[in-house]
Amino acid sequence: GPKQSTITRFFNKI
Amino acid sequence: MLELRLVQGSLLKKVLDAIKELVKDANFDCSTTGFSLQAMDSSHVALVSLLLRAEGFEHYRCDRNLSMGMNLDNMAKMLKCSGNDDIITIKADDGSDSVTFMFESPTQDKISDFEMKLMDIDSEHLGIPEAEYHAIIRMPSAEFAKICRDLASIGDTVVISVSKEGVKFSTRGDIGAANVVLRQNTTVDKPEEATIIEMNEPVSLTFALRYMNSFTKATPLSNIVTISLSSELPVVVEYKIAEMGYIRFYLAPKIEE
Numbered sequence: 061g062p063k064q065s066t067i068t069r070f071f072n073k074i
Numbered sequence: 057m058l059e060l061r062l063v064q065g066s067l068l069k070k071v072l073d074a075i076k077e078l079v080k081d082a083n084f085d086c087s088t089t090g091f092s093l094q095a096m097d098s099s100h101v102a103l104v105s106l107l108l109r110a111e112g113f114e115h116y117r118c119d120r121n122l123s124m125g126m127n128l129d130n131m132a133k134m135l136k137c138s139g140n141d142d143i144i145t146i147k148a149d150d151g152s153d154s155v156t157f158m159f160e161s162p163t164q165d166k167i168s169d170f171e172m173k174l175m176d177i178d179s180e181h182l183g184i185p186e187a188e189y190h191a192i193i194r195m196p197s198a199e200f201a202k203i204c205r206d207l208a209s210i211g212d213t214v215v216i217s218v219s220k221e222g223v224k225f226s227t228r229g230d231i232g233a234a235n236v237v238l239r240q241n242t243t244v245d246k247p248e249e250a251t252i253i254e255m256n257e258p259v260s261l262t263f264a265l266r267y268m269n270s271f272t273k274a275t276p277l278s279n280i281v282t283i284s285l286s287s288e289l290p291v292v293v294e295y296k297i298a299e300m301g302y303i304r305f306y307l308a309p310k311i312e313e
């Protein structure tokens, strides 16, 4: 099934 | 020196109830803009972004930017000691390792203060890019909460699909499957009862229901919830906080590897 991704995959640290 | 006076103190209690299941410790940032927070859950799957604008406070004094690390369970414990109609003032001195919550009854005949120790929290601040969403759904927040609760009794994940027909929430589990389809409905008595589906492109994404259900703890803050979906991005579930700001939850999708 589909795997859980994380927020940090989409948004970068500033 | 920091002094923030909130006449509708119960709002702060509702904000805490909305986020404390998701996040244990967080930095509250205070600047001339307002009182804000950005934090991720421990698994970095969800992110919450809160803004209470300075204009929403009856009195707002923040001499310099201040970041206050708080344990949200402890903060909720302290706020629970306020009366529902109390005015809440948040106070802190520069460089202090504590914050004070002052509660005033509406008739000023009871005034209490609760001092809470602050903590050092190492938190990452993420840049949330401006995005064009494929679909935006605006619907009654209580209806969204019911759908999430109902589907969670059947399965662990929800597929949210937006097409010309409307928005479909689907789940599947050991005992069976469920689909809930909502169509746009603007012929309602009150504007907050409307369901509005704005679709630029069809989109279908899969999410963990556990997080969605946690977001719905914000339901008492707003009659309306806005759900923004894009195939490339985390979903945004937004509850506006009347005349003050918002609470936005971002949830990373489940992706076919």
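Going down the list, the protein sequences come from chains A and B.
All the letters of the first sequence, read from the start, carry residue numbers 61 to 74 under my numbering.
All the letters of the second sequence, read from the start, carry residue numbers 57 to 313 under my numbering.
We put the CB at the ideal spot given by N, CA and C, even for glycine.
Applying the 10 Å Cβ sphere with the 16-neighbour rule, what's the burial state of residue i?
i	result
M96 (chain B)	buried
M57 (chain B)	exposed
G301 (chain B)	buried
M175 (chain B)	exposed
T145 (chain B)	buried
P290 (chain B)	buried
V259 (chain B)	buried
P309 (chain B)	buried
S87 (chain B)	exposed
S217 (chain B)	buried
G65 (chain B)	buried
A298 (chain B)	exposed
I74 (chain A)	exposed
T272 (chain B)	buried
A187 (chain B)	exposed
I167 (chain B)	exposed
C118 (chain B)	buried
P196 (chain B)	buried
D85 (chain B)	buried
I311 (chain B)	exposed
V244 (chain B)	exposed
S138 (chain B)	buried
For my contact list, residue i and residue j are in at a C-beta cut-off of 8 Å; report their separation, rounded to the angstrom.
i	j	result
H190 (chain B)	S286 (chain B)	5 Å
V223 (chain B)	F263 (chain B)	That pair is no contact at about 13 Å.
L106 (chain B)	I303 (chain B)	5 Å
S278 (chain B)	Y306 (chain B)	Between Y306 (chain B) and S278 (chain B) the Cβ distance is about 17 Å, and since that is not below 8 Å, they are no contact.
V71 (chain B)	Y267 (chain B)	Not really, about 18 Å apart at Cβ, beyond 8 Å.
I280 (chain B)	R194 (chain B)	6 Å
A198 (chain B)	N269 (chain B)	The pair is not a contact, with the Cβ atoms about 14 Å apart (cut-off 8 Å).
I192 (chain B)	E254 (chain B)	5 Å
L135 (chain B)	K69 (chain B)	5 Å
Using a Cβ cut-off of 9 Å, pull out every chain A residue sitting near residue i, in sequence order please.
i	result
Y306 (chain B)	I67, F70 and F71
E299 (chain B)	Near E299 (chain B) there are no residues of chain A at all, since even the closest Cβ is about 28 Å away, more than 9 Å.
For residue i, I'd like the list of residues in its chain whose CB is within less than 8 Å of its CB, leaving aside the five on either flank, ordered along the chain.
i	result
V79 (chain B)	A95, M96, D97, V104 and L128
I210 (chain B)	T227, R228, G229, I231, G232, A233 and A234
R109 (chain B)	T89, G90, M300 and G301
H181 (chain B)	Q94
L265 (chain B)	C204, L207, A208, G211, D212, T213, V214 and T227
Skipping 5 residues on each side, what residues in its chain have a beta carbon closer than 7 Å to that of residue i?
i	result
F113 (chain B)	L60, R61 and L62
N241 (chain B)	A250 and T251
D142 (chain B)	G65, F159, E160 and S161
Output needed for residue i: all residues of its chain with C-beta closer than 6 Å, excluding positions within five of it in sequence on either side, in chain order.
i	result
T156 (chain B)	K147, D169 and E171
F71 (chain A)	none
V237 (chain B)	G222 and K224
G125 (chain B)	N83, L174, M175, D176 and I177
N121 (chain B)	S87
A274 (chain B)	A74, Y295 and I303
D81 (chain B)	N127 and I177
E248 (chain B)	N279 and I280
List, in order along the chain, the chain A residues whose C-beta lies closer than 8 Å to that of residue i?
i	result
L103 (chain B)	I67 and F71
L289 (chain B)	F70
Could you list which residues in chain A have their beta carbon closer than 7 Å to that of residue i, in chain order?
i	result
M96 (chain B)	I67
I311 (chain B)	P62, K63 and S65
Less than 8 Å separating the Cβ of residue i from some heavy atom of the ligand HEM?
i	result
I177 (chain B)	Of the ligands one can find in the structure shown there are none, so the ligand HEM has no counterpart to examine.
Members of the region 174 to 203 of chain B near chain A, C-beta cut-off 9 Å: Of all residues in the region 174 to 203 of chain B, the ones placed with a Cβ closer than 9 Å to any Cβ belonging to chain A are E180, H181, L182, G183, I184 and P185, in chain order.
Interface residues of the region 263 to 274 of chain B facing chain A [CB-CB below 7 Å]: Here the close residues are A264.
Which residues, in chain order, does the region 59 to 78 of chain B contribute to contact with chain A at a C-beta distance below 8 Å? Within the region 59 to 78 of chain B, no residue qualifies.
Which residues of the region 104 to 117 of chain B have a Cβ closer than 9 Å to any Cβ of chain A? Give them in chain order. Taking 9 Å as the Cβ-Cβ cut-off against chain A, none of the residues of the region 104 to 117 of chain B qualify.
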